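Numbering (the numbering used here), first residue to last: 1339 to 1446.
Using N, Cα and C, we set each Cβ at its ideal position, and we do this for glycine too.
Here the structure is a predicted model, which means the values were calculated and not measured.
Just below is one structure, and these are the notes that go with it.
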């Protein structure tokens, strides 16, 4: 008895079934990737919009409170107990996070 030979159409049916299964799995994965991609794009747009809104608020605060042309070398005159004292902005803001730095940063 010789080897069993499958008819040619049986191999083609198996090939077609495998191709359909592979195509289905591929389409599912592409759909999942596109879904994640859309979530990332939506989040990025939300961040960009929030940043834009924050920039508008920041610009408004600068306009209302000064600080447009602030430089560390600005010479500030301060009335200290009735006596006028001059100091650079850099000197007054040297200790970051202090009330003095906040008052004279010019960026509020």
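Cα-Cα, which of the options is closest to residue i?
i	options	result
residue 1399	1444, 1379, 1416, 1430	1444
Since residue i is in the alpha helix (DSSP H), which residue starts that stretch and which ends it?
i	result
residue 1430	1427–1430
Identify, in the order they occur along the chain, each residue of the same chain with its Cβ nearer than 7 Å to the Cβ of residue i, setting aside the five sequence neighbours on each side.
i	result
residue 1433	1439
At which residues does the beta strand (DSSP E) containing residue i begin and terminate?
i	result
residue 1433	Run containing residue 1433: none; DSSP gives neither H nor E here.
residue 1415	1413–1418
CB-CB under 8 Å to residue i, same chain, minus the five flanking residues each way: which ones, in chain order?
i	result
residue 1528	This structure leaves residue 1528 out entirely; the chain is present only between 1339 and 1446.
residue 1431	1410, 1438, 1439, 1442, 1443
Is it buried or exposed, residue i, if we count other Cβ atoms within 10 angstroms and call 16 or more buried?
i	result
residue 1392	exposed
Where does residue i sit, in a helix, a strand or coil, going by DSSP?
i	result
residue 1408	coil
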